[in-house]
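Keeping their order, the protein sequence lines are chains A and B. The first sequence runs contiguously to residue 396 in the working numbering. The second sequence runs contiguously to residue 396 in the working numbering. A virtual CB, placed ideally from N, CA and C, is assigned to each residue, including glycine. Only one structure is covered here, and it is reproduced in the block below.
2 protein chains.
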Amino acid sequence: MSTAPGDMAPRPTLTQVAARAGVSLKTASRALAGESYVSAKTLASVLAAAAELDYRRNTAASLLASGRLADSIGLITGDFTNPFYSALAQAVEDEIRPQGMHLSVANSRESAEQEQRVSHDLADRQVKAVITVSATADHAGYAQLQARGIPVVFVDRRAENVDADSVVFDNREGGRLAARHLIDGGHRRIAFIGDYAWLPTYRQRLAGMGDVLDETDAEWRDLLRTDAHDVASARACTIELLTLADPPTAVVAGNNRILLGVMEAITESPRSSPAVLGFDEPEWARVLGISVVTGDVEALGRRAAQLALARLGDRAREFENVVLPMRLISRTSTSPVRG
Amino acid sequence: MSTAPGDMAPRPTLTQVAARAGVSLKTASRALAGESYVSAKTLASVLAAAAELDYRRNTAASLLASGRLADSIGLITGDFTNPFYSALAQAVEDEIRPQGMHLSVANSRESAEQEQRVSHDLADRQVKAVITVSATADHAGYAQLQARGIPVVFVDRRAENVDADSVVFDNREGGRLAARHLIDGGHRRIAFIGDYAWLPTYRQRLAGMGDVLDETDAEWRDLLRTDAHDVASARACTIELLTLADPPTAVVAGNNRILLGVMEAITESPRSSPAVLGFDEPEWARVLGISVVTGDVEALGRRAAQLALARLGDRAREFENVVLPMRLISRTSTSPVRG
DNA sequence: ATGAAAGCGCTAACAA
DNA sequence: TTGTTAGCGCTTTCAT
């Protein structure tokens, strides 16, 4: 039962299986690969031998010899701790598993350098395609992957400077939905706390809000805050906004992390209580009665996976840029209880 | 810029790098592997050639030839959508990255069969060790991995029927903490909604509550509910409990998913508002002012990674069963606001 | 339907 | 310090 070096039996090889089944190496290979031109009898004996020896094909050797790629697709995200990304990963996996494909997730830690690293890492692992939520503005580097014959699909943030498929949300319309909801709610001092300024998702959401707010007399440009990339800075921003002489009556959180920071700030210092509207939909938003503008993350992931699979089937197909709608989920305060 | 089959240049091989540098295959190999006994001049020319050709070592071939294992550690969890597991994954990665190791996550989908599958999958990918949050009660199957020379570390749920390292929380003490908190709060009708009945974490938390509650006059055995494995069933349980003629004054949620279900139910039907206490600490618990009994997930993951690395260093060391403390985080209601 | 030989890209011995 | 010769375990020609 112990794992001393001694009882670490070397794995049986195909040669051994073949020997045991009394056939040639190649025949054993054929049988286990499920190829045709193998007599039922031979097949049976090879399978039996393999089972007895507890044989498992050495994938590395197999892929090396055949020059094929692994039955897997890679997914690069910035932080698998973010529910948005894990939901995405789940959706991708749900879509590719029925096709016999595996998901290989990689963490770029929102660093361009790491992203480059892990993308090649995935390529080294012989993934058939890569799906990425890129943390960089310029995606030219991904051309290297494509040159290696690996299709790349961009998710949530569309491809820039490289020809590839993308699936994104209609963030601009999302921004409009958010703004209209608050304007309709009578708000005229609206703060927006956004992620990194260079992020396309942020910029588009912002632009959408501008589409609506700039047509009104609402004050909001002064109440704009950016680069609140993590919960802590979002909280700090919120506190700053709430301590303003004339604080906003509504705060829009640019994404789910920011929303958490906003809520933490409001919870801590309940001096003024602005209305809150979030982008993305963390699972707890419903419990807190927070209205959100969100897209279907499940659909986002599935669509990305579909594009990846489709390109594997036909390299020449036109690149697609799929845009998924966002919608407003309007909620009203409820007062949860605790002990 | 397009990815037509034609411009998919075959990757350069070591042979080509060697040729270009004007050295032998092996010399090139040595240079790139950073071995000693390579003259500075040779090293430079090989590196240059490799750079010019954009050479990348074929890992599969490398591992095959050397018989070594990849610099990676596998982590098996039941659902990477669960924040508890993603936090765990993050912690493991944080711990092993400085050692030059990569994390390879695998999803068992809480299925024993899948778990067996992915564990061998990881082994096929030549991971050096496997860390698992097992969804099965009997871990004898993991002996196969150990026989393959791959150390296994059990996290959150300790090893059963197999000799291996484990890191778990002191769930029994956690149960006691939860019970005492509620008793001290004056509660005498306490409901506990738990996960699958066979789960050790659940059983221990339950036992701990029994340690305390059975010494009191509190009613709770009748208010016990199990197998609320997902949010929906936890919500259903809660609704059932709240509609009882004499509903509980406090509800204990057995884990973070259950807690969400409980909160959803309470939010929806605010007829009676019991006190709520959770196990684990979802990020939103603070915002909602929910008291929880939790352990340090970061420490859990790091400790597991340390055990895995330690065993790689010394196969003969004694198996450890690390037990990490749980603590009560007592919170009081606050009333978050929304719009 | 089966087998023999060659080789995928690389590293490990052993020379030189 | 460098090169040569074998393979790692498997799949592919091409025979048979």
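In DSSP terms, what residue i is bridged to
i, result
"residue 127/A", "In DSSP, residue 127/A forms no bridge with anything."
"residue 162/A", "132/A"
"residue 336/A", "350/A"
"residue 322/B", "Residue 322/B pairs with nothing; no bridge assigned."
"residue 381/B", "226/B"
"residue 296/A", "According to DSSP, residue 296/A bridges with nothing at all."
"residue 386/A", "349/A"
"residue 310/B", "250/B and 335/B"
Residue i - containing beta strand (DSSP E), residue span
i, result
"residue 224/A", "222 to 226"
"residue 186/A", "186 to 189"
Residue interval of the alpha helix (DSSP H) (run including residue i)
i, result
"residue 99/B", "97 to 110"
"residue 80/B", "Element bounds for residue 80/B: n/a, residue is neither H nor E."
"residue 145/A", "140 to 153"
"residue 301/A", "First-last for residue 301/A: undefined, no H or E at that position."
"residue 169/B", "169 to 181"
For residue j and residue i, believed in contact at Cβ under 8 Å, the rounded distance
i, j, result
"residue 190/B", "residue 214/B", "6 Å"
"residue 366/A", "residue 201/A", "Contact doesn't hold; Cβ gap of about 22 Å is too wide."
"residue 103/B", "residue 76/B", "Contact doesn't hold; Cβ gap of about 11 Å is too wide."
"residue 146/B", "residue 137/B", "7 Å"
"residue 151/A", "residue 360/A", "Not really, about 12 Å apart at Cβ, beyond 8 Å."
"residue 196/B", "residue 218/B", "6 Å"
"residue 110/A", "residue 73/A", "6 Å"
"residue 210/A", "residue 357/A", "Contact doesn't hold; Cβ gap of about 11 Å is too wide."
"residue 267/B", "residue 231/B", "Actually they do not touch by this definition, with Cβ atoms about 13 Å apart."
"residue 130/A", "residue 82/A", "Not a contact, Cβ separation roughly 32 Å."
"residue 329/B", "residue 281/B", "In fact, because the Cβ distance is near 19 Å, the residues do not count as touching under 8 Å."
"residue 343/A", "residue 321/A", "Between residue 321/A and residue 343/A the Cβ distance is about 18 Å, and since that is not below 8 Å, they are no contact."
"residue 369/A", "residue 148/A", "So it is not a contact: roughly 18 Å between Cβ atoms."
"residue 207/A", "residue 184/A", "7 Å"
"residue 283/B", "residue 251/B", "5 Å"
"residue 354/A", "residue 194/A", "In fact, because the Cβ distance is near 23 Å, the residues do not count as touching under 8 Å."
"residue 295/B", "residue 332/B", "Not confirmed; about 13 Å, so no contact."
Discussion item. Taking beta-carbon pairs under 7 Å, can you tell me which members of the region 164 to 175 of chain B lie near chain A?
Written reply: 164
Discussion item. For the region 173 to 205 of chain A, list every residue whose C-beta sits within 9 Å of some C-beta in chain B, in sequence order.
Written reply: 175, 177, 178, 180, 181, 182, 183, 200, 201, 203, 204 and 205
Worksheet item: Enumerated in chain order, which unbroken segments of the alpha helix (DSSP H) with a length of 4 residues or greater are wholly contained in the region 197 to 281 of chain B?
Response: 200 to 204, 228 to 241 and 257 to 270
Worksheet entry | Residues of the region 125 to 149 of chain B whose Cβ lies closer than 7 Å to any Cβ of chain A, in chain order | 137, 138, 140, 143, 144, 146 and 147
Worksheet item: When you check each C-beta in the region 110 to 122 of chain B against every C-beta of chain A, which residues fall closer than 7 Å?
Response: Against chain A - using a Cβ distance shorter than 7 Å - the residues of the region 110 to 122 of chain B are 113, 116, 117, 118, 120 and 121.
Discussion item. Please list, in chain order, the residues of the region 347 to 381 of chain A that have any C-beta partner in chain B closer than 9 Å.
Written reply: 347, 348, 368, 372, 373 and 376
Practice prompt. Mind checking the region 296 to 313 of chain B against chain A and listing, in chain order, the residues whose C-beta falls within less than 8 Å of any C-beta there?
Written response: Residues are counted here when their Cβ sits less than 8 Å from a Cβ of chain A; for the region 296 to 313 of chain B these are 307, given in chain order.
Discussion item. Please identify, using Cβ separations under 8 Å, the residues of the region 334 to 345 of chain A that lie next to chain B, in order along the chain.
Written reply: 334, 339, 340, 341, 343, 344 and 345
Discussion item. Output needed in chain order: residues of the region 229 to 257 of chain A with a Cβ under 7 Å from some Cβ in chain B.
Written reply: 242
Item to complete: May I ask you to list, following chain order, the residues of the region 276 to 287 of chain B that have a beta carbon less than 7 Å from some beta carbon of chain A?
Response: none
Worksheet item: Relative to chain A, which residues along the region 313 to 325 of chain B have a C-beta separation below 9 Å, given in chain order?
Response: Near chain A, meaning a CB-to-CB distance below 9 Å, the residues of the region 313 to 325 of chain B are 317, 320, 321, 323, 324 and 325.
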